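Asker: Here's a structure for you.
In my numbering, the protein residues as written are 452 to 740.
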């Protein structure tokens, strides 16, 4: 809002006919001028009446909604304004911008309220680059210089506010990998909480079969290179878990081992065991005889 504040006016501004205001300052000054000096001007002053007519034109053009009746009324206002302007200021030359006002009612009928198509925000953004180019005074690769200055300025604005999150912002493959691992871990924990006992047994059985199949297909070099220690992520998770969580994890591991032992087929007897069993049967038969 400070950028829209009009600059002070002195006698030199009134003498040469130039108020030395930019677009946003002139916009603010034009709308608030009746509140400042309106009580000092007679009601029948034709110059003031024509100025108020211009403000009414602006209120219709920059309104968020418009009807067909507004376009007809706007066309009449623009015509009356131009005629009165030429009568009040005979030496004034009609500029192209005054001529373009004649086409505004037709454009409003075609495209709707023109406030949705104006370029004030683009010009305000471009103002920074114009000022920076004048300050730097160096036009060697000016696109790179302006873009770098702009990004540094945006970084300063972001750091000066409290809108950024407190946690660190990281980019790159490492951060993406850690975020993916964290997401998979959370989804796995949520799935374990929601599944039933039969679903858990089926999932563990499927994991065991896939692990056995993968190990059966791997080569000797892959088997030797496979790490035998717990990964760093698992170590960190176990170090941060509480006593209750550790007890629950140990209980789940004991249940899992019992399920494995219950579902495992009996081991095949070795040749030595077969010979011992045969010898035992022979001795029993000999004693009976």
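Note that CB positions come from ideal geometry on N, CA and C, so glycine has one too. A quick note: this is a predicted structure, and the numbers were derived from the prediction, not measured.
(1) Taking Cβ positions, are residue 603 and residue 580 nearer each other than 7 Å?
(2) Which two residues bound the contiguous alpha helix (DSSP H) that contains residue 508?
(3) For residue 577, report the span of its alpha helix (DSSP H) as first-last.
(4) Which residues in the same chain have their Cβ closer than 7 Å to the Cβ of residue 679, if we skip the five residues on either side of it in sequence?
(5) Taking Cβ positions, are residue 526 and residue 556 nearer each other than 7 Å?
(6) Mind checking whether residue 484 and residue 508 have CB atoms under 7 Å apart?
(7) Taking contact to mean at least 3 C-beta pairs separated by less than 8 Å, is the segment 530-544 in contact with the segment 473-482?
(8) Buried or exposed: which applies to residue 611, given that a residue is buried once 16 or more other Cβ atoms fall within 10 Å of its Cβ?
(9) Considering just the uninterrupted stretch of the alpha helix (DSSP H) at residue 668, what are its terminal residues?
(10) With a cut-off of 8 Å on the beta carbons, I'd call residue 519 and residue 460 a contact; round off their distance for me.
(11) Comparing C-alpha positions only, which one of 457, 712, 669 sits nearest to residue 487?
(12) Where do the ends of the alpha helix (DSSP H) carrying residue 481 lie?
(13) Label residue 593 either buried or exposed according to how many other C-beta atoms from any shown protein chain fall within 10 Å of its C-beta, with 16 as the threshold for buried.
(14) Any idea if residue 632 is buried or exposed, counting beta-carbon neighbours within 10 angstroms, 16 or more meaning buried?
(15) To the nearest angstrom, report how far apart residue 688 and residue 668 are at their CA atoms.
(16) Here's the rule I'm using: 16 or more other beta-carbon atoms within 10 Å means buried, otherwise exposed. How should residue 545 be labelled?
(17) Just confirm the distance between the C-beta atoms of residue 572 and residue 583, as a whole number of angstroms; I'd bet it's less than 8 Å.
(18) Report yes if the CB atom of residue 511 is closer than 7 Å to the CB atom of residue 521, and no otherwise.
(19) Around the Cβ of residue 394, are there at least 16 other Cβ atoms within 10 angstroms (buried) or fewer (exposed)?
Answerer: Taking the coordinates as given:
(1) Not a contact, by the Cβ cut-off of 7 Å.
(2) First-last of the alpha helix (DSSP H) with residue 508: 497-512.
(3) Residue 577 -> alpha helix (DSSP H) spans 571-587.
(4) Because residue 679 carries a pLDDT of 49, less than 50, the predicted location of this residue cannot be relied on, and the following value inherits that uncertainty. Excluding positions up to five away in sequence, the list is empty.
(5) Residue 526 places its beta carbon less than 7 Å from that of residue 556.
(6) No, these two residues do not count as a Cβ contact at 7 Å.
(7) Contact between the segment 530-544 and the segment 473-482 is absent, because fewer than three Cβ pairs lie under 8 Å.
(8) Exposed, by the Cβ-count rule.
(9) In the DSSP assignment, residue 668 falls within the unbroken alpha helix (DSSP H) covering 648-668.
(10) Rounded, the Cβ-Cβ distance is 40 Å, inconsistent with contact.
(11) Cα-wise, what sits closest to residue 487 is 457.
(12) Segment 474-488, the alpha helix (DSSP H) holding residue 481.
(13) Its Cβ having fewer than 16 others within 10 Å, residue 593 is exposed.
(14) Here residue 632 is exposed: its Cβ has fewer than 16 other Cβ atoms, across all protein chains shown, within 10 Å.
(15) Cα-Cα distance, rounded: 30 Å.
(16) That one is exposed.
(17) About 18 Å separates the CB atoms of residue 572 and residue 583; that is not less than 8 Å, and the two are not in contact.
(18) Yes, the pair counts as a contact, with Cβ atoms nearer than the cut-off.
(19) Given a span of 452 to 740 for the chain in the structure shown, any question on residue 394 remains unanswerable.
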